[in-house]
Amino acid sequence: MSNLTIFAQDTTTTEEVVTTETVIEEETSTDEVVENETTEENSTEVVTKEETFHQIIKQKFMEGGPEFMGIVLLCLILGLALAIERIIYLNMATINSDKLLNDVESALKSGGVDAAKDVCRNTKGPIASIFYQGLDRSNEGLEQVEKSIVAYGSVQMGLLEKGLSWISLFIALAPMLGFMGTVIGMIGAFDSIEAAGDISPSLVAGGIKVALLTTVFGLIVAMILQVFYNYLISKVDSIVNDMEDSSIKLVDILVNNK
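FYI, this note's numbering numbers position 203 of the sequence shown as 187, with every residue one higher than the one before it.
If you want it as structure tokens, here you go:
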């Protein structure tokens, strides 16, 4: 009888353990489902916000009128293309001038002018090109070397500044085109008032809002391009200063290795 009682108690305990494990598994599954649903809801909200922002930009662009807004957008695209090209070119033109000077001086001492010219020929950038022109006329005297450096330095400076005038043009052109679109839009709004024969607040407000969108877009384009333009100007100035300083050091090296 006692054995049967013990067996019954064991069976009851086993059933309770199984029931507890089942409840825990169900609670865990419920938590996972809730977490998945929350993640999906957050992802849906992010996608919705992104789509809404894109739709707002597209809507405002179309409200401003494709004629002037399209021209201003073209200014932005062309300006950014030129800015990116200049950034790549100027970064490739930037070198370690101190290392180049040391290599040129070592080549002059070991192999003469021809060895130094080979070092400059195998180095990229405007500084190496100026060095090559100066070394190429080293047998004509220091005066000719200095003239060659000054003349070729002006050529390299022109190459560094290439395209910057176009970016400056787009910076000035974008807000002017936007303002022109605003003026034309205001004229259209007053024409609508004249045709209606009544000054309706909704009619005036709608026309003014559409007219001002072109000016806002033009100012945004000008600000974006201005940031790139200022960066490029500072980069060119840095390279030009390095060119001038390195050219003076090259002349000193030639004087010491005559």
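Built from N, CA and C at the ideal position, the CB exists for glycine as well. Treat the numbers as computed from the prediction; the structure is a model and nothing was measured.
Distance CB(residue i)-CB(residue j) smaller than 7 Å
| i | j | result |
| --- | --- | --- |
| residue 151 | residue 67 | yes |
| residue 138 | residue 111 | no |
| residue 118 | residue 132 | yes |
| residue 237 | residue 89 | yes |
| residue 59 | residue 216 | no |
| residue 122 | residue 97 | yes |
| residue 243 | residue 206 | With the chain covering -15 to 242 only, the question about residue 243 has no answer from this structure. |
| residue 85 | residue 107 | no |
Rounded straight-line distance, which links the Cα of residue j to that of residue i
| i | j | result |
| --- | --- | --- |
| residue 32 | residue 39 | With a pLDDT of 48 at residue 32, under the threshold of 50, the predicted position of this residue should be treated as unreliable, and no value is reported. |
| residue 167 | residue 120 | 60 Å |
| residue 5 | residue 36 | Residue placement at residue 5 is flagged as unreliable, the pLDDT there being 46, under the threshold of 50; the coordinate-derived value follows with that caveat. Roughly 46 Å between the two C-alpha positions. |
| residue 198 | residue 52 | 7 Å |
| residue 127 | residue 134 | 11 Å |
| residue 201 | residue 162 | 7 Å |
| residue 76 | residue 148 | 17 Å |
| residue 295 | residue 220 | The structure shown does not extend to residue 295, since the chain spans only -15 to 242, so no value can be given for it. |
| residue 79 | residue 56 | 37 Å |
| residue 235 | residue 115 | 9 Å |
| residue 144 | residue 176 | 51 Å |
| residue 105 | residue 218 | 27 Å |
| residue 136 | residue 61 | 33 Å |
| residue 172 | residue 193 | 12 Å |
| residue 50 | residue 230 | 51 Å |
| residue 69 | residue 233 | 31 Å |
| residue 142 | residue 227 | 13 Å |
| residue 179 | residue 146 | 51 Å |
| residue 73 | residue 140 | 12 Å |
| residue 153 | residue 71 | 18 Å |
| residue 87 | residue 204 | 47 Å |
Coil, strand or helix - residue i by DSSP
| i | result |
| --- | --- |
| residue 75 | helix |
| residue 89 | helix |
| residue 145 | coil |
| residue -1 | Model confidence at residue -1 stands at a pLDDT of 46, short of 50, so the residue's coordinates are unreliable; what they give is reported in the following sentence. Correct three-state label for residue -1: helix. |
| residue 36 | helix |
| residue 108 | coil |
| residue 125 | coil |
| residue 225 | helix |
| residue 214 | helix |
| residue 240 | helix |
| residue 231 | helix |
Inter-residue CB distance, residue i and residue j (contact presumed, cutoff 8 Å)
| i | j | result |
| --- | --- | --- |
| residue 170 | residue 195 | 5 Å |
| residue 54 | residue 209 | Contact doesn't hold; Cβ gap of about 17 Å is too wide. |
| residue 241 | residue 93 | 7 Å |
Minimum Cβ-Cβ distance from residue i to chain C less than 7 Å
| i | result |
| --- | --- |
| residue 100 | No chain C appears in the structure shown, which is made up of a single protein chain. |
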